[in-house]
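Enquirer: Protein sequence lines, in the order shown, are assigned to chains A and B.
Using our numbering, read the first sequence as starting at 31 and increasing by one per residue.
Using our numbering, read the second sequence as starting at 48 and increasing by one per residue.
Below you will find the structure I want to go over with you.
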Amino acid sequence: MNTIIALTVLGVAILFLGILKKNSWLLPTILAGIPIVLILTITGWDTNRHYFNDMLIVDNYAVTFNSVMIFSTFLIFMFAGKYYHLVQRSLDDIYAIVIFALVGCVLMTSYGNLIMLFLGIETLSIALYILAGSHKESITSNEATLKYFLLGSFLSGFLLFGIALIYGASGTFNLDGINSYVINHASHLPPIFKAGLFLMIIGLAFKIAIVPFHFWAPDVYEGTPTLVSAFMVTVVKTASIIALFRLFSTSFSAVKELWEPTLAILAVLTILVGNFTGLYQTNLKRMLAYSSISHSGYMMLAVIAFSHSSANTLLFYAFAYSVATILAFGVLILVREAKGNDLFTSFRGLAKRNPVEAFSLSVAMLSLTGIPPLAGFFAKYYLFFTVMDKGYLWLMIIAIVGSAVSAVYYFKPVISMYLEEGQEFDLKAGVAYRMSLLFLAILTVLTGVLPFFLINLI
Amino acid sequence: MNILIWLIPLFPLLGFLILGLGFKRIPKAIASFIGTGTIGISFIFSIILFINSTHQITSSPVHQLTSSPVHHLFTWFSIGNLTIPFSFLIDPLSILMLLIVTGVGFIIHVYSVGYMGHDEGFNRFFANMNLFVFFMLLLVMGANYPVMFIGWEGVGLCSYLLIGFWFRNHEFNAAAIKAFIMNRIGDLGFLLGMFLLFTTFKSLNFNEIFSLAKGMTPGNGTMVAITLLLFVGAIGKSAQIPLYTWLPDAMAGPTPVSALIHAATMVTAGVYMIARSHILYLLAPATMNVITAVSLFTALFAATIAIYQNDIKKILAYSTISQLGYMFLGLSMGAFTGAMFHLTTHAFFKALLFLAAGSLIHALNGEQDIRKMGGLKSKLTKTWWTFLIGTVAISGIPPFSGFFSKDEILLSVFRNSITLWTIATIGALLTAFYMFRLLFLTFYGKYRGQADRESSIHESPKVMIIPLITLAVLSALGGIINLPGLFGGSTMLEQYLAPVFAGAEQFIRPPNYSVQPLTEWLLIAVIVVYIGAMVLIAYSRWMKNKLVPDAKVIEKSFFTRLCVNKFYVDEAYDAVIVKPVLWFSRILDEIVDTGIIDRVVTGTGRVTVWTGNTVRYLQTGHVGFYLFVMIGAIIAILVYNLLIL
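Below, the structure written as structure tokens:
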């Protein structure tokens, strides 16, 4: 609750600064404000408060995942100054909308009621429709927002219809209430409830970009301004997965056999299609879009192999994935600015003049591939371990195959940077930006070397 | 106290990070300050630890440490029923090693400021040296085998980096790789030993393993296997037969590296490891016999080779191998304190000898061949004095430190077997012989190098001489730390280490002979007289008759030829192991890899790429198509779940 209030205040404050034309204050205010929000969030640890008749639940799951998302947003804002430095107009609207989108994400992790879930998703989605089109002059940005809006509003209908059907069957929106309904009627659930359940899966699968509801994702991620894409593939992705996880672990765990095959097939499809399509991409941004799709497939596995340790696994995975992806986007922003595009050929010979950037991007790629001792390795290790522990050997084998395939495209930029000859150029990143990149790279290494500080958190 | 313990390894690591990341940008003055300062701070902290521990021991009546010696930092990892804490064991044994590593390390770092002063890789050198000290500290401080193993691997890596420090020379790189590979063979033994330890004891922590082991019956087969495997690790790291050939080649590195890594600290890691695991070894008498045989043979064998070498650093390297043999011999007799004592004094005098040799090489602009030296006594007076003290100390002439430590080991051998004692004593005599040969050939007689170079020979700067003098004092007086009762001493080191080896006495085999003080005096007299004779023989050969080893001498006899060529061990390894392995790997490369595996892999790759190529066409960019597919999927999901199931 503190988190939501503080974030909203921060967003409103940004808008006010925009009215007062204090443009140079915007970013410092955000970079100072988010850590305060983070601290406020962490104070909710072990309090386990319920607000408004269980509408919102601030338990340790919510606290840790919110912290990861807020921290990721902070990391993204570290790159904002550089990304927007050529833009003349005031950016208060864009920054404020990102903050409001984050409020939506927070709602999605802390809901105790389906209405709040829907509210969170819509708060997030509407903010994202605007952000995707925030580069008004660009055709791709306009295309992205239109596609996202068309498909998103269509699929939101499915989600809402699913919620309505579940309400119709159980008579409650409350997660615990639905859970007790499911336990009482486990053997003879009415078709209306089942239909509602699957419609909700479909609605959420769209938001997470699960195959075959992922088609919007590569187009939208590519067209959206890069910084917003970074937000979408990390924070938004985490929030959607956690929303799914909370829903299924609280309300539907008693009828696991009902939804498990569907989720398993969707996860397998996501891992395979995401990774195989990633192989053929020629630019980094689109490749990262497919990478984000395949990683949502991996995170789905944690939902399927639901157990107490899943939450920890998911937390670690979300953290490792977010940090590495933001790091990759950080370098991507630089290359796009220097070269005008982000084709893999633009990365040739990058390492010679820009060792810090090349190193950082390599760390990010290796971590996403899952090479020890980086964070991504332990993320995958714990995930696969959890999956196998629950007896889903076949899922684990497919996940490992997918992971092996992904190495091919993750290594592409690394090979370009270090092994291929190219025209020498300087990215002109600036010391502060370089330090941010290095910080993320070191964070990735440290999380991998000392995973135990994070893995037993919840 | 706890925080102090963590700071000891932290400072060298910090030094490495600062110098390693700052690389060439940090000026030499600051780099040398950081490089030596971090080790100096660790040394001061180690001294504080030491003082604190002596206080604890004297204040407790039963020679037991009052506070728990294990300091836990965090759980490193935990998988299944295997939990590895990252913790340090601080007891007298590790404190002794800490003092040697940081103390001698500090002296050598100071010396390096002068020795490496003109090298362009100055900062890289100190970064690597600091990293080495960090890993060496982990090795000696670890409270379980895995942490020890990190250090064990880490020092191997640093040794590799520093042997190949002048990486533009391909021979040096080859030497570095040779050292690394030979160490890896040993490491494999260490690893297997660890695995077997874990399956036996379900733990890898020293305390738990050793307390469980005390309840086992001696001669247990598993215990023999474990100790043998760990000993393989020690053979690799401490250059014993058959894995010793890397050490002479390792002399390719800068001389301070030879002093620190390949004489004083890293190569003694094997000795430390066995002393640390002494209970396991006492429970495996068969392994102890193997160690006796290997170490005795190594001691004698290396000493024989040393007599015929002409490279000053290689002579010292073979001497190190031989002295390490004595340490293992002491361990195998159950004289753990004796081995640690010899380890300590050896760290002093061998570091001294290497550094003095370095000063010599420095003065002669890189010349290492003793045939081209001679007559340097008058020009390099200080170096000569310190080298002389080192020679006297290593030869075992009383009252210098080497005499006491070697005597203690020989005495422990004598208690068990007079035959073994005789062989060990012959080795000790050879030591005196080759060391005095070295001394006479380098410092006495006439200068035999190029005449034009003679005028440019100069004494080294103070920053190198002061470390030499410090080490010379330690080599001369180091025997005091464990002066036996025979000489009116109080065996301080033995008292100090007693809590570590307490509880192991029951497993040590009873001596075959009890030695009376009179016998002891007699043995010492015999050895001293013979050493004197050796010095005289060396004197008459190399001083009086002014013999200089050259090509003609080599032709003399079969045995001499064998010795000069180091018994052709390198050639034999090359023919028996290296060549067949290379041949086999070429077969694997050409037939198995290119012929079979490559085709399968390329095939898989082609299928993968083809799949990717096909799947990507689904991403058309048309919203209508996307909706069409999604609706199809929605219908499929609903139909499958609601109607079919």
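For each residue, glycine too, the CB sits at the ideal point set by N, CA and C.
Let me know if Leu690 of chain B comes out buried or exposed under the rule of 16 or more other beta-carbons within 10 Å of its beta-carbon.
Expert: It counts as exposed.
Enquirer: For Asn49 of chain B and Leu185 of chain B, I'd like the C-alpha separation in whole angstroms.
Expert: 15 Å
Enquirer: Using a C-beta to C-beta distance shorter than 7 Å, which residues of chain A count as neighbours of Phe153 of chain B?
Expert: Correct list: empty, because the minimum Cβ distance to chain A is about 29 Å.
Enquirer: How would you write the range of the beta strand (DSSP E) that Thr130 of chain B sits in, first residue to last?
Expert: 129 to 136
Enquirer: At the 9 Å Cβ level, is Leu64 of chain B part of the contact set with chain A, yes or no?
Expert: no
Enquirer: Mind pulling the chain A residues with CB within less than 9 Å of Ile197 of chain B?
Expert: What Ile197 of chain B touches in chain A: nothing, since even the nearest Cβ is about 11 Å away.
Enquirer: Tell me the DSSP bridge mates of Tyr159 of chain A?
Expert: For Tyr159 of chain A, which the question treats as bridged, DSSP gives no partner whatsoever.
Enquirer: Could you have a look at Ser114 of chain B and say whether DSSP puts it in helix, strand or coil?
Expert: Interpretation of Ser114 of chain B is limited by its pLDDT of 49, a score under 50 that renders its predicted location unreliable; the figure taken from the coordinates is listed afterwards. Ser114 of chain B falls in the coil class under three-state DSSP.
Enquirer: Looking at chain B, is there any beta carbon in it that lies within less than 9 Å of the beta carbon of Tyr440 of chain A?
Expert: False, the Cβ-Cβ gap to chain B never drops below 9 Å.
Enquirer: Using a Cβ cut-off of 9 Å, which residues of the region 361 to 382 of chain B contact any Cβ in chain A, in chain order?
Expert: Cβ contacts with chain A: none found.
Enquirer: With a threshold of 7 Å on Cβ separation, who are the neighbours of Phe63 of chain B within its own chain once the five nearest residues in sequence on each side are excluded?
Expert: Ala174, Asn177, Leu178, Phe181
Enquirer: Could you tell me if Ser322 of chain A is buried or exposed, where buried requires 16 or more neighbouring beta carbons within 10 angstroms of its beta carbon?
Expert: Ser322 of chain A is buried by the Cβ-count criterion.
Enquirer: Residues of chain A with CB closer than 7 Å to the CB of Asn660 of chain B, please, in chain order.
Expert: Tyr310
Enquirer: Which of helix, strand or coil does DSSP assign to Asp89 of chain A?
Expert: coil
Enquirer: Only counting the same chain, and skipping five residues up and downstream in sequence, which positions put a Cβ closer than 6 Å to that of Leu396 of chain A?
Expert: Only Leu404 meet the Cβ criterion.
Enquirer: Is Val250 of chain A closer than 9 Å to Gly327 of chain A when the C-beta atoms are compared?
Expert: no
Enquirer: Helix, strand or coil for Tyr81 of chain A, going by three-state DSSP, please let me know.
Expert: Note: Tyr81 of chain A maps to strand in three-state DSSP.
Enquirer: Quick one: grab the DSSP three-state call for Asn267 of chain B.
Expert: coil
Enquirer: By DSSP, does Trp75 of chain A sit in helix, in strand, or in coil?
Expert: Correct three-state label for Trp75 of chain A: coil.
Enquirer: Spell out a yes or no on whether the region 320 to 327 of chain B and the region 581 to 588 of chain B are touching, meaning 3 or more CB-CB pairs, one atom from each, closer than 8 Å.
Expert: no
Enquirer: Report the three-state DSSP secondary structure of Ile444 of chain B (helix, strand or coil).
Expert: coil
Enquirer: Counting only C-beta atoms, is Thr538 of chain B closer than 9 Å to chain A at any point?
Expert: no
Enquirer: What does the Cβ neighbour count give for Asn252 of chain B, buried or exposed, with the cut at 16 atoms within 10 Å?
Expert: buried
Enquirer: Under the three-state reduction of DSSP, which class applies to Asp617 of chain B: helix, strand or coil?
Expert: helix
Enquirer: When you compare the CB of Leu689 of chain B with every CB in chain A, is at least one pair closer than 9 Å?
Expert: yes
Enquirer: Who are the neighbours of Val435 of chain A on chain B, taking C-beta pairs under 7 Å?
Expert: Thr655
Enquirer: According to DSSP, what are the bridge partners of Thr122 of chain B?
Expert: B:Pro132
Enquirer: Return helix, strand or coil for Asn19 of chain A, following the three-state DSSP convention.
Expert: With chain A covering 31 to 488 only, the question about residue 19 of chain A has no answer from this structure.
Enquirer: When Cβ atoms are compared, which residues of the region 248 to 260 of chain A fall closer than 8 Å to chain B?
Expert: Answer set for the region 248 to 260 of chain A: Pro248, Asp249.
Enquirer: Cutting at 7 Å between CB atoms, please list the residues of its own chain near Phe214 of chain B, excluding the five before and the five after it.
Expert: Asn220
Enquirer: Whether or not the region 136 to 143 of chain A and the region 75 to 94 of chain A are in contact is what I'm after, with contact meaning three or more pairs of Cβ atoms, one per stretch, closer than 8 Å; do they touch?
Expert: Contact between the region 75 to 94 of chain A and the region 136 to 143 of chain A is present, because at least three Cβ pairs lie under 8 Å.
Enquirer: Determine the DSSP secondary structure at Tyr291 of chain B, reduced to helix, strand or coil.
Expert: coil
Enquirer: Determine the direct distance from the alpha carbon of Lys613 of chain B to that of Phe606 of chain B, and round the result to whole angstroms.
Expert: 10 Å
Enquirer: Residues in the same chain with beta-carbon distance under 6 Å from Asn78 of chain A, minus the five sequence neighbours each way, listed in chain order, please.
Expert: Listed in chain order, the non-local C-beta contacts of Asn78 of chain A below 6 Å within the same chain comprise Asp89, local neighbours out to five positions each way being set aside.
Enquirer: Taking Cβ-Cβ distances shorter than 9 Å, what residues in chain A pair up with Leu674 of chain B?
Expert: Leu180, Leu181, Phe184, Phe245
Enquirer: What does DSSP give as the partner residue(s) for Tyr141 of chain A in the beta ladder?
Expert: According to DSSP, Tyr141 of chain A bridges with A:Leu86.
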